[in-house]
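In what follows, a single structure is set out as structure tokens and then discussed.
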Amino acid sequence: MSTIDFQTELTAAGANVKSRWGAVRFFVRRYPLGAGGAVIIAMMVFAALFAPYITMYDPLSTNAAASLARPSAAHWLGCDFMGRDLFARIVYGARLSLIVAVCSVTLGCTVGVSIGLLGGYLGGWFDLITQRFLEMMQSLPLLVMAIVMAAALGPSLPNTILAIAFVLVPTVARVIRANVLSLRERPFVEAAKAIGMSERRIAIRHVLPNTLAPLIVLATAQFGSTILIEAALSFLGLGVPEPHPSWGRMLSESAAEYVRTAPWLVIFPGLAISFVVFGINLLGDALRDMLDPRQRS
Amino acid sequence: MVRRFGLMMLTLFGISIIIFVLLRLTPGNIADILFDAGGFVDPVDKKRIEADLGLDKPLPVQYYRWISGLAVGDLGISYQTERPAIQEILPRIPITAKIASLALIISVVLGVPFGVISAVKQNTRLDYILRVVTLSGLSMPSFWLGLLILMGFVHFFGTIPIYSSEPTGFWNTLLMYAVPAAAVGFRSSALLMRLTRSSMLEVMRQDYIRTARSKGASETTINYYHALKNAMLPVVTEIGIEAAFLFGGLIVIETVFNIPGVARFLVEAVRWRDYPMVQNLVMFIAIVVVTVNFIVDMIYAALDPRIKYSD
Numbered sequence: 001m002s003t004i005d006f007q008t009e010l011t012a013a014g015a016n017v018k019s020r021w022g023a024v025r026f027f028v029r030r031y032p033l034g035a036g037g038a039v040i041i042a043m044m045v046f047a048a049l050f051a052p053y054i055t056m057y058d059p060l061s062t063n064a065a066a067s068l069a070r071p072s073a074a075h076w077l078g079c080d081f082m083g084r085d086l087f088a089r090i091v092y093g094a095r096l097s098l099i100v101a102v103c104s105v106t107l108g109c110t111v112g113v114s115i116g117l118l119g120g121y122l123g124g125w126f127d128l129i130t131q132r133f134l135e136m137m138q139s140l141p142l143l144v145m146a147i148v149m150a151a152a153l154g155p156s157l158p159n160t161i162l163a164i165a166f167v168l169v170p171t172v173a174r175v176i177r178a179n180v181l182s183l184r185e186r187p188f189v190e191a192a193k194a195i196g197m198s199e200r201r202i203a204i205r206h207v208l209p210n211t212l213a214p215l216i217v218l219a220t221a222q223f224g225s226t227i228l229i230e231a232a233l234s235f236l237g238l239g240v241p242e243p244h245p246s247w248g249r250m251l252s253e254s255a256a257e258y259v260r261t262a263p264w265l266v267i268f269p270g271l272a273i274s275f276v277v278f279g280i281n282l283l284g285d286a287l288r289d290m291l292d293p294r295q296r297s
Numbered sequence: 001m002v003r004r005f006g007l008m009m010l011t012l013f014g015i016s017i018i019i020f021v022l023l024r025l026t027p028g029n030i031a032d033i034l035f036d037a038g039g040f041v042d043p044v045d046k047k048r049i050e051a052d053l054g055l056d057k058p059l060p061v062q063y064y065r066w067i068s069g070l071a072v073g074d075l076g077i078s079y080q081t082e083r084p085a086i087q088e089i090l091p092r093i094p095i096t097a098k099i100a101s102l103a104l105i106i107s108v109v110l111g112v113p114f115g116v117i118s119a120v121k122q123n124t125r126l127d128y129i130l131r132v133v134t135l136s137g138l139s140m141p142s143f144w145l146g147l148l149i150l151m152g153f154v155h156f157f158g159t160i161p162i163y164s165s166e167p168t169g170f171w172n173t174l175l176m177y178a179v180p181a182a183a184v185g186f187r188s189s190a191l192l193m194r195l196t197r198s199s200m201l202e203v204m205r206q207d208y209i210r211t212a213r214s215k216g217a218s219e220t221t222i223n224y225y226h227a228l229k230n231a232m233l234p235v236v237t238e239i240g241i242e243a244a245f246l247f248g249g250l251i252v253i254e255t256v257f258n259i260p261g262v263a264r265f266l267v268e269a270v271r272w273r274d275y276p277m278v279q280n281l282v283m284f285i286a287i288v289v290v291t292v293n294f295i296v297d298m299i300y301a302a303l304d305p306r307i308k309y310s311d
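Going line by line, the protein sequences match chains A and B. Using our numbering, you'd call the opening residue of the first sequence number 1 and step up by one each time. Using our numbering, you'd call the opening residue of the second sequence number 1 and step up by one each time.
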């Protein structure tokens, strides 16, 4: 009773859940857009993992002869001012985006879930103080908060991850807390208490697993916003520094000038960001539809 | 109402402490940073500058000096331009305010009607197309959209509407501000559209809609009178929140279009490592956001008779 019963859910919806592939086939049939999103994400992960096998160019090596080269058979998406192959930079950029997104979402969710679980379960002064604090953090726009954090920590890859994780914490903590508050009143918690289970064990073994569904929905959405925040920070020159190939920073390198002279330098990195975030949003919508029955339309 | 106002002041006080503490996480102080640029450090000079800036005082005293200055409009001096910070910030506010209001108008004009249409025509091809467009609007970084708009201008008109000096004339001003506003507003309109759609769908499932239908009201009356009126409540709140949160989009868009507004100034201050200025600007944004939220709460209470803020 303490975990979500996907099997029953799926069987009720008429899926063949005897095999794992049956469940996958059902998801694809029922949420074709969500499945499309999953394919886009898989493509990004593939590019991130196998970057050296996808492109023969090194994203960092410069080549004066190819400075601002147009897209051609040799350089599929053209080259930037320093003659670096844009396709290679975008493929390796997927790696960077993925690292930032996975690390900051994991970090932000871990901290957020801990605060939400403790606050929602313990209540009292700890809950009061953390809730007020998170509320205050939330009254600043995410990007402003991220800029302040990035400014305070200084530009580097770990600091960018830290800054983004920091701004993700309030939403996670508040959603988990609200969820824990309602779960605490449920009969299975009462039953666990009645058989003499310790509070800590109830919180970790029974309440925590039940917050998984909203957490998955939230983490997916945050995955997308993390990529957008990283892009914006790097675009403003406050995110991941050189030489890492960041999609956001590729757009900032005198972009206003390249709009006239080298449009491919503006179009493709932005397309990569939008495409990946679009895929994440598609999957996120399907997951919310599936896991959060209250919002089903 | 008085209680709400007190809560708002408390929130601002809390934010000021968070900002103050965060910006002091940086290793080294402003004197170090100023000398960093010079390369040579004269300990006597450094002591003098630290005393000038009040950096030799304990943190609570520094905080008190900042807040008491803030209350009377004395924000100290910008280290970059060596002019009073307030004189740097004030002239930039109207510029950002114009873009923000235009962006908000664009987002409401696009977002709300399309959201309603999408809900009324649920699961038709039109709804499907609108939803995909919305989702891509939410997936695009707004600075990229801004760059694409610039590219379109280059392609079709051969010029770029980049801000070089204060525009003159009504149409010129409108053009100069409307283009960046559209880039910011598109994302908010996508958010508003999604919310309007789900709010409409929620309302359309309610009993009173069935009652209206059973007493023989026409579909048009039901959709655009009964449902729309009730669906607008959460949308109004969202518009208010968006109004305050436009800052995120404004920061990048003002950078793309080279507009000397308050939002871009924050990025410049961070680049110059002018931390007192960053502190003031973030506090300014916080004040705007919290005030807007307060106003939205009041409007909400006025619109929904079920909610009363009693003292």
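No residue lacks a Cβ here, since even glycine has one placed at the ideal position from N, Cα and C. Fair warning: this is a prediction, and the values are worked out from it, not measured in the lab.
Euclidean distance between Cα positions of residue i and residue j
i        : j        : result
A/Ala262 : A/Leu86  : 12 angstroms
B/Gly248 : A/Gly224 : 16 angstroms
A/Pro158 : A/Ile164 : 10 angstroms
A/Ile229 : B/Asp45  : 40 angstroms
B/Ser101 : B/Phe257 : 17 angstroms
A/Ile273 : A/Thr171 : 23 angstroms
B/Ile251 : B/Ala263 : 5 angstroms
B/Met9   : A/Val266 : 44 angstroms
B/Ala227 : B/Val296 : 22 angstroms
B/Ser136 : B/Tyr63  : 44 angstroms
A/Gly116 : A/Asp127 : 8 angstroms
B/Phe13  : B/Met277 : 18 angstroms
B/Tyr207 : B/Leu192 : What sits at residue 207 of chain B in the sequence shown is Asp, not Tyr. Going from the Cα of B/Asp207 to the Cα of B/Leu192 covers about 25 angstroms.
B/Lys57  : B/Ile15  : 22 angstroms
B/Leu130 : B/Phe114 : 8 angstroms
B/Leu23  : A/Ala152 : 5 angstroms
B/Phe294 : B/Arg4   : 8 angstroms
A/Arg200 : A/Pro71  : 60 angstroms
A/Ala101 : B/Phe170 : 44 angstroms
B/Arg273 : B/Ala243 : 28 angstroms
B/Val61  : B/Ser68  : 10 angstroms
A/Gln222 : B/Ala217 : 43 angstroms
B/Val233 : B/Tyr300 : For the record, residue 233 of chain B in the displayed sequence is Leu; it is not Val. Approximately 7 angstroms between the Cα atoms of the pair.
A/Ala69  : A/Tyr57  : 14 angstroms
A/Met1   : A/Phe188 : Unreliable positioning characterises A/Met1 in this predicted model, as indicated by a pLDDT of 41, which lies under 50. The coordinate reading is nonetheless provided below. If I take the Cα positions, the gap works out to 7 angstroms.
A/Leu208 : A/Asp289 : 21 angstroms
B/Ser78  : B/Met283 : 15 angstroms
Residue i, buried or exposed, once every other Cβ within 10 Å from all chains shown has been counted against 16
i        : result
A/Tyr53  : exposed
B/Val21  : exposed
B/Pro91  : exposed
B/His155 : exposed
A/Glu257 : exposed
A/Asn210 : buried
A/Pro243 : exposed
B/Lys98  : buried
A/Phe268 : buried
B/Pro305 : exposed
A/Pro141 : buried
Same chain, Cβ closer than 6 angstroms to residue i, five either side skipped, listed in chain order
i        : result
A/Val91  : Ala47, Ala51, Ile54 and Thr55
B/Ala286 : Ile15
A/Pro59  : Ala88, Arg89, Tyr92 and Pro245
Residues near residue i in its chain [Cβ-Cβ closer than 8 angstroms; skip 5 each side]
i       : result
B/Ile86 : Gly73, Asp74 and Leu75
Distance between beta carbons of residue j and residue i, contact taken as under 8 angstroms
i        : j        : result
B/Arg197 : B/Ala103 : Contact flag wrong, Cβ pair sits at about 21 angstroms.
A/Leu49  : A/Val240 : Wrong, their Cβ atoms sit about 19 angstroms apart, outside the cutoff.
B/Ile19  : A/Val148 : 7 angstroms
B/Ser312 : B/Ile253 : One cannot answer for residue 312 of chain B here, as it falls past the ends of chain B, which runs 1 to 311.
B/Leu201 : B/Gln122 : 7 angstroms
A/Leu283 : A/Thr220 : 6 angstroms
A/Val105 : A/Thr226 : 6 angstroms
B/Val108 : B/Ile239 : 6 angstroms
A/Ala35  : A/Val45  : Not quite, the Cβ-Cβ distance comes to about 15 angstroms (not below 8 angstroms), so this is no contact.
A/Leu291 : A/Ile216 : 6 angstroms
Beta-carbon contacts of residue i that lie in its chain and below 7 angstroms, excluding the five residues immediately before and after
i        : result
A/Val235 : Per the sequence shown, the amino acid found at residue 235 of chain A is Phe instead of Val. Closer than 7 angstroms at Cβ, skipping near neighbours: Gly248, Arg249, Leu251 and Ser252.
A/Gln138 : Pro170
A/Ala192 : Ile202 and His206
A/Ala146 : Ala163, Ile164, Val167, Ile229 and Leu233
Chain-ordered neighbours of residue i on chain D, where CB pairs are closer than 7 angstroms
i        : result
A/Asn281 : This model lacks chain D altogether; the protein chains it does include are A and B.
Touch test, the region 70 to 83 of chain A against the region 173 to 187 of chain A, Cβ-Cβ under 8 angstroms, three pairs minimum: no
Inter-stretch contact (C-beta, 8 angstroms, three-pair minimum) for the region 31 to 47 of chain A and the region 272 to 281 of chain A: yes
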